[in-house]
Structures are given as C-alpha cells and as structure tokens.
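Chemist: If you count by the working numbering, then the sequence shown holds residues 3 to 472, one letter each, in order.
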Amino acid sequence: MKVDRSFRAQEEPALSLFTSLLLAALIAADEPRTLARAEGYVGCWYSIGATKDEYKFKYSGGLATYPQQQSPIAIYDAPSNRTFFVYGGADPARKSILHMVSYYDHATGTVPRPAILLDKKTGDAHDNPCLAIDAEGYLWIFSNAHGTARPSFIHRSVAPRSIDAFEKVVETNFSYGHPWYVPGRGFLFPHTKYKSGRGLRFATSPDGREWAEPTPIAHIDQGDYQVTWAREGTVATVFDFHPKPLGLDARTNIYYLQTRDFGASWTRADGRPVPLPLTEPDNPALVRDYQAEGKLVYLKDLNFDAEGRPVVLYLTSKGHLPGPEQGPHEWHTARWDGREWVVRPFTTSDHNYDHGSLSIEPDGLWRVIAPTEPGPQPFGTGGDMVMWTSADQGASWTRVKQLTADPVRNHTYARRPLNAHPDFYAIWADGDARERSESSVYFTDRLGARVRRLPIQMTAEHQAPEEVAW
C-alpha cells in the first residue's frame with residue numbers, strides 16, 4: 003500500500019484529563035513508545051442520522067465494538083493462552099475515541115489495565131480499530147478512518163504477545179479494514195477507499211511494512227460495504243451495493259468472492275474465476291438479487307463450515323429508518339452447499355443495526371449471539387443478547403437462552419474472536435439507544451453460562467471481570 007503523503011507525520015495528541023500528565027507525556031513520546039494505561043474499560047458512545055422522532059437516531063448507542071465492516075477485533079492466541087482484543091474507548095473530557103488494546107488471560111481469569119494506543123481525535127466510531135497477529139506473535143493494530151478527512155494508522159507491538167509498547171509502521175488513509183495474516187504469505191488486507199462513494203480494494207504485504215499498490219475489488223454505483231473472514235489460506239468477502247440516488251440508505255443485494263492464492267485470482271464459491279473490478283449490479287458474484295425484491299440488506303457475518311463452504315448471516319428490511327414501519331427486520335442465512343446458495347429464514351428483531359455473529363463449531367453446530375430481544379429502548383440499536391443454535395445448517399433454530407435482561411441500556415454489536423476460545427466467545431458493549439450514556443464492555447463463554455463485564459474502575463494492575471446477572 004502506498005503511503006498517502008497528503009497525511010504528514012504528526013505528533014501524537016495529548017490524552018484527556020482522566021489520565022495523569024505523566025501518562026499524557028508517554029502517549030506523546032516518539033515511537034516506539036510505551037503505552038499509557040487507562041483506569042478501566044469504558045466504551046465509546048456514538049450516534050448518526052438524527053431522525054426528529056421518538057427514535058432520535060438512525061442508529062446509536064455503545065458502539066465500542068462497531069462496525070461489522072471491519073474485522074477481526076479479537077483473536078485467541080494459543081501460545082500465550084490469551085484472547086487479545088481492541089475496541090473504541092471513551093475520552094470523557096474531549097468526547098473523542100481512544101483506540102484501546104488489551105487481553106483476557108485464560109489461565110488467571112483476569113484482564114490488565116487496558117492500553118491506550120492513540121487518541122483518534124474524533125467521536126466517530128467508524129474509526130474504531132481492528133487487529134491481526136503474525137506468525138511470530140506480534141500484534142498489528144489497524145486504526146481506520148471514516149472517509150478521507152483523517153489519517154489511518156498501522157501499529158505493531160514492540161514485543162510479541164505484548165500490549166506494553168507499539169511502533170507506528172504506516173500513516174495513510176483507509177476505511178473499514180480487514181487485516182488477515184495468511185501463514186507463509188503475509189498480510190492480505192481488504193479495505194475501503196472513499197472516492198465517489200465507497201470502493202472495495204485489497205492490498206498485500208509480506209511483512210506489514212512494504213505494501214503492494216491496492217487492487218480494486220468492486221465499486222458498484224455509489225459503492226459497497228463488505229464483511230470478510232479467512233480460513234486456512236482462503237480469504238473471502240461478502241458485499242452489497244449502494245444504488246443511486248440514496249446510496250448506502252438503499253443498500254441491497256448479496257455478492258460473494260474468495261481468493262485462495264493471496265489475491266492473485268478471485269472466484270465465486272463454485273471456483274469460477276471473476277475478473278475484477280466489479281462495477282455493475284448484475285455480475286458473476288451475485289448471490290441474491292434483493293433489489294428486485296424491494297428489500298434492503300444489512301450484512302452481519304461470514305463464516306465457513308468444516309468443508310470450507312461459506313455461510314452468510316444477514317438481515318433484510320423495507321427501509322433505512324428505525325421503527326416498525328420499516329419492518330419486518332428479518333434475519334437469514336445463505337449457505338453454499340456445493341451446488342447452489344441455500345437461503346433460509348432465521349429470526350426477527352426490531353432494528354437494522356441489531357448485530358450478531360455466527361460461529362460454526364467442529365461438530366457442525368451453528369451458534370449465533372445477537373440482540374434479538376428489544377431491550378429497554380425498543381426499535382433502537384441493539385437490545386438484549388440471545389444465544390441461538392442450529393443443528394441442521396439453519397433449517398431450524400433453538401433459542402438456547404437470553405444472556406442479558408438489562409433494564410437501562412441496550413446491548414449492541416456482539417463480535418466473535420478469530421479462533422475463539424470457549425471461555426471468550428463474543429464481546430460487545432452496552433449503551434442507551436436514545437441519548438448519550440456511559441458504556442460498559444462485556445464478554446461471554448460458548449454456552450452463555452456467564453456474562454462478564456470488564457472492570458469500569460480497576461483497583462489493581464490485573465483484575466477479574468465482574469460476573470453480571472440481571
């Protein structure tokens with residue numbers, strides 16, 4: 003990736019008043035630098051699209067783990083027996099987002115004080131970070147930008163499997179990043195570039211420092227959103243398109259592409275090669291034409307079964323605004339069975355931005371953790387988290403249990419870690435969907451036996467998360 007020279011190297015900004023002046027000095031030091039530590043785990047709150055009705059915003063809430071268009075944000079690392087994760091933290095004094103990195107230690111059942119990578123100098127949760135771990139155990143944090151007004155960054159940990167110190171490797175501009183480390187090859191990085199809309203691209207690097215020129219994947223009408231995932235050398239993307247004149251508020255259709263040769267070629271699920279870039283709505287990557295059905299599509303997750311066949315989790319609705327008039331908000335799965343895409347209904351919820359993740363386990367069981375209950379702000383982003391399973395590839399579903407019953411805040415954006423450990427199977431945040439609020443960060447185990455909140459105010463350098471019951 004060529005570094006965008008329009009973004010000059012800048013001194014790191016000082017931290018907010020909730021940390022000490024000493025820590026502020028550390029964050030502003032030349033890189034590589036030791037990271038300041040926060041006093042606890044506090045997520046950011048974000049809203050967009052004022053609606054001037056009782057729902058207040060198109061979407062809003064505690065969006066520390068938002069958005070799904072960039073991944074992964076958590077990775078289980080077996081050699082250290084830790085789940086590393088990044089999120090958008092709150093800066094109460096300046097209302098800007100801090101890019102945070104931490105880990106859950108499975109051996110001790112504790113978390114350290116989270117490390118503050120940088121102050122992104124914006125309150126926009128689209129700038130939230132994502133994470134990769136290379137073959138030697140170094141952590142790579144990709145700090146996104148929403149559009150071209152702000153720079154993006156790539157940082158690498160100074161030591162393997164450590165959050166203590168990081169160096170800045172690249173300052174450039176990218177949005178909605180998906181850094182996938184492919185063993186033996188390096189990084190394959192699908193991302194978005196804002197120019198006349200949202201164009202999907204990918205770049206490759208053998209070492210995270212020297213990047214090839216980005217290659218366009220798709221730019222259909224006003225652009226596209228994508229969700230990606232990787233498995234055993236395969237990197238895949240599922241994406242929509244944004245038709246004129248409404249653009250992203252008319253997002254529709256489902257397209258799928260995959261590469262098994264580090265981006266040298268891209269194919270459909272059946273292996274048929276597809277020339278890039280894609281610029282027309284009717285193209286070989288099309289999975290389903292929801293535009294013809296008059297439905298919007300909100301992509302949620304992409305995963306693979308034991309045979310390496312892709313499964314897509316998504317939601318459809320009639321409109322982009324919140325409220326029952328835009329419903330039903332219907333969840334679906336689309337599974338490639340080796341011959342065709344099999345689309346099946348899953349459940350319903352009450353908002354386009356109710357986001358959950360799909361885990362596919364070694365025995366073939368599908369497991370979804372998503373806010374499919376309304377929560378205390380009905381028809382707002384998120385709700386109460388529910389665990390669902392399917393033992394027949396989405397033909398039928400069992401509502402296993404409701405994980406939260408919060409009387410005050412909606413819970414939003416449950417995200418699954420890469421190589422998830424059974425004790426840390428999903429991470430999410432809470433927040434009021436109608437007005438700015440505090441936000442906590444949570445995680446749960448594979449069976450949903452315990453929901454734990456990361457410590458808001460830590461009293462020690464390492465501390466056990468609090469088990470929560472409503």
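Using N, Cα and C, we set each Cβ at its ideal position, and we do this for glycine too.
By the DSSP assignment, the beta strand (DSSP E) with Gln260 in it spans what residues?
Modeler: As a working mapping, residue 260 is identified with position 258 in the sequence shown. Start and end: Thr254 to Thr261.
Chemist: Identify the residues that DSSP records as bridge partners of Lys195: which are they?
Modeler: To locate residue 195, count along the sequence shown from 1; it is residue 193. Lys195 pairs with Gly201.
Chemist: If we ignore side chains and look at the alpha-carbon of each, how far apart do Gly139 and Ser104 end up?
Modeler: Position 137 of the sequence shown holds residue 139. Position 102 of the sequence shown holds residue 104. Rounded to the nearest angstrom, the two C-alpha atoms are 15 Å apart.
Chemist: Within its chain, find whatever has a CB closer than 6 Å to the CB of Trp343; leave out the 5 residues flanking it on each side and keep chain order.
Modeler: As a first step, residue 343 is located in the sequence shown; it is residue number 341 there, counting from the start. Within the same chain, Trp343 has close Cβ partners Val289 and Ala336.
Chemist: In chain order, what residues of the same chain have a beta carbon less than 6 Å from the beta carbon of Gly321, not counting five sequence neighbours either side?
Modeler: As a working mapping, residue 321 is identified with position 319 in the sequence shown. Around Gly321: Gln328.
Chemist: Determine the DSSP secondary structure at Gly249, reduced to helix, strand or coil.
Modeler: Your numbering for residue 249 matches position 247 in the sequence shown. Gly249 falls in the helix class under three-state DSSP.
Chemist: In the structure shown, what three-state DSSP assignment does His101 receive?
Modeler: For the purposes of this step, residue 101 is identified with residue 99 of the sequence shown, where counting begins at 1. It is a strand residue.
Chemist: Can you pull the DSSP bridge partners for Lys132?
Modeler: Counted from its first residue, the sequence shown places residue 132 at position 130. Looking at the sequence itself, residue 132 is Cys, so the reference to Lys does not match. Phe144.
Chemist: Could you round the C-beta distance between Thr446 and Leu405 to whole angstroms and report it? I think they count as a contact, below 8 Å.
Modeler: Here the question's residue 446 lines up with position 444 in the sequence shown. Here the question's residue 405 lines up with position 403 in the sequence shown. With a Cβ gap of about 6 Å, Thr446 and Leu405 count as contacting.
Chemist: Using only the alpha-carbon positions, how far apart do Ser392 and Val314 sit?
Modeler: Counting from one through the sequence shown, the residue named residue 392 turns up at place 390. Counting from one through the sequence shown, the residue named residue 314 turns up at place 312. So the two alpha carbons sit approximately 14 Å from each other.
Chemist: Taking all protein chains shown into account, decide if Asn421 is buried (16 or more other Cβ within 10 angstroms of its Cβ) or exposed.
Modeler: Counting from 1 along the sequence shown, the entry for residue 421 is found at position 419. By the neighbour-count rule (16 or more Cβ atoms within 10 Å), Asn421 is not buried but exposed.
Chemist: Here's the rule I'm using: 16 or more other beta-carbon atoms within 10 Å means buried, otherwise exposed. How should Gly273 be labelled?
Modeler: As a position in the sequence shown, residue 273 is number 271, starting the count at 1. That one is exposed.
Chemist: What would DSSP say about Glu41, mapped onto helix, strand or coil?
Modeler: If you number the sequence shown from 1, residue 41 lands on position 39. Residue state, collapsed to three classes: coil.
Chemist: On the DSSP bridge assignment, give the partners of Trp390 in chain order.
Modeler: Reading the sequence shown from its first residue, position 388 is the one you call residue 390. Bridge partners of Trp390: Val370 and Arg401.
Chemist: Among Trp368, Thr414 and Pro185, which one has its Cα closest to the Cα of Val402?
Modeler: Within the sequence shown, residue 402 is the residue found at index 400, counting from 1. The shortest Cα separation from Val402 among Trp368, Thr414 and Pro185 belongs to Trp368.
Chemist: Go ahead and label Gln12 buried or exposed: buried means 16 or more other beta carbons lie within 10 angstroms of its beta carbon, across all protein chains shown.
Modeler: Counted from its first residue, the sequence shown places residue 12 at position 10. With a pLDDT of only 30 at Gln12, under 50, the local geometry of the prediction cannot be trusted, and the value read off the model is given with reservation. Gln12 is exposed by the Cβ-count criterion.
Chemist: For Val276, which residues from the same chain have a beta carbon less than 7 Å from its beta carbon, with the 5 sequence-adjacent residues on both sides left out?
Modeler: Counted from its first residue, the sequence shown places residue 276 at position 274. Result list for Val276: Leu259, Trp268, Thr269, Arg270, Pro286 and Ala287, in chain order.
Chemist: Among all the DSSP beta bridges, which residues are the ones paired with Gln328?
Modeler: On the sequence shown, position 326 is the one that residue 328 refers to. None, per the DSSP bridge assignment.
Chemist: Mind checking Arg341: buried by the 16 CB within 10 Å criterion, or exposed?
Modeler: Sequence index remark: in the sequence shown, residue 341 carries index 339 (1-based). Result: exposed.
Chemist: Give the secondary structure of Ala109 by DSSP, where H, G and I count as helix, E and B as strand, and everything else as coil.
Modeler: The count along the sequence shown starts at 1 and reaches residue 109 at position 107. DSSP places Ala109 in coil when its eight states are reduced to three.
Chemist: Based on DSSP bridge pairs, tell me the residues matched to Gly228.
Modeler: Within the sequence shown, the letter at position 226 stands for residue 228. Checking the sequence shown, residue 228 turns out to be Gln, not Gly. In DSSP, Gln228 forms a bridge with Phe241.
Chemist: State the DSSP-derived secondary structure class of Ala52, mapped to helix, strand or coil.
Modeler: Position 50 of the sequence shown holds residue 52. Strand at Ala52.
Chemist: Apart from the five residues on each side of it in sequence, which residues of its chain come closer than 6 Å, Cβ to Cβ, to Tyr476?
Modeler: With the chain covering 3 to 472 only, the question about residue 476 has no answer from this structure.
Chemist: Please list, in chain order, all residues of the same chain as Pro409 whose beta carbon is under 8 Å from its beta carbon, the five residues on each side excluded.
Modeler: In the sequence shown, residue 409 corresponds to position 407, counting from 1. Within the same chain, Pro409 has close Cβ partners Pro378 and Trp472.
Chemist: Please classify Asp93 as buried or exposed, where buried requires at least 16 neighbouring CB atoms within 10 angstroms.
Modeler: Here residue 93 refers to the residue found at position 91 when the sequence shown is read from its first residue. Buried.
Chemist: Taking just the CA atoms, how far does Ser361 sit from Gly244?
Modeler: Counted from its first residue, the sequence shown places residue 244 at position 242. Counted from its first residue, the sequence shown places residue 361 at position 359. Reading off the sequence, residue 244 comes out as His, not Gly. Cα to Cα, the separation comes out at about 28 Å.
Chemist: Go through the segment 286-369 residue by residue and report every complete run of the beta strand (DSSP E) that reaches 3 residues or more, in order.
Modeler: For the segment 286-369, whole beta strand (DSSP E) runs of length 3 or above, ordered along the chain, are 288-290, 298-306, 312-319, 331-338, 343-351 and 359-362.
Chemist: With a cut-off of 8 Å on the beta carbons, I'd call Leu301 and Val229 a contact; round off their distance for me.
Modeler: In the sequence shown, residue 301 corresponds to position 299, counting from 1. In the sequence shown, residue 229 corresponds to position 227, counting from 1. Rounded, the Cβ-Cβ distance is 5 Å, consistent with contact.
Chemist: Rounded to a whole number of angstroms, what is the C-alpha to C-alpha distance between Met460 and Pro218?
Modeler: Taking the sequence shown and counting its residues from 1, one reaches residue 460 at position 458. Taking the sequence shown and counting its residues from 1, one reaches residue 218 at position 216. Spanning the two alpha carbons is a distance of roughly 45 Å.
Chemist: On a Cα-Cα basis, can you pick out the residue from Thr150, Glu173 and Gly149 that is closest to Ile156?
Modeler: Within the sequence shown, the letter at position 154 stands for residue 156. Cα-wise, what sits closest to Ile156 is Glu173.
Chemist: Under a Cβ-count criterion, where at least 16 other Cβ atoms within 10 Å of its own Cβ denotes burial, should Leu37 be classed as buried or exposed?
Modeler: One-based indexing of the sequence shown puts residue 37 at position 35. It counts as buried.
Chemist: Closer than 8 Å is the cut-off here; do at least three beta carbon pairs connect the segment 115-126 with the segment 70-86?
Modeler: Because the criterion of three Cβ pairs below 8 Å is not met, the segment 115-126 and the segment 70-86 do not touch.
Chemist: Quickly, what does DSSP pair Ile118 with across the bridge? List them, please.
Modeler: On the sequence shown, position 116 is the one that residue 118 refers to. Answer is Ala38 and Met102, bridged to Ile118.
Chemist: Going by the DSSP bridge assignment, what does Asp465 pair with across the sheet?
Modeler: On the sequence shown, position 463 is the one that residue 465 refers to. What sits at residue 465 in the sequence shown is Gln, not Asp. In DSSP, Gln465 forms a bridge with Val113.
Chemist: Express the C-alpha separation of Arg436 and Ser198 in angstroms, rounding to a whole number.
Modeler: For the purposes of this step, residue 198 is taken as residue 196 along the sequence shown, with counting starting at 1. For the purposes of this step, residue 436 is taken as residue 434 along the sequence shown, with counting starting at 1. Roughly 32 Å between the two C-alpha positions.
Chemist: Just to check my reading of the structure: Ile429 and Thr67 have Cβ atoms closer than 8 Å, yes? What is that Cβ distance to the nearest angstrom?
Modeler: One-based indexing of the sequence shown puts residue 429 at position 427. One-based indexing of the sequence shown puts residue 67 at position 65. So it is a contact: roughly 6 Å between Cβ atoms.
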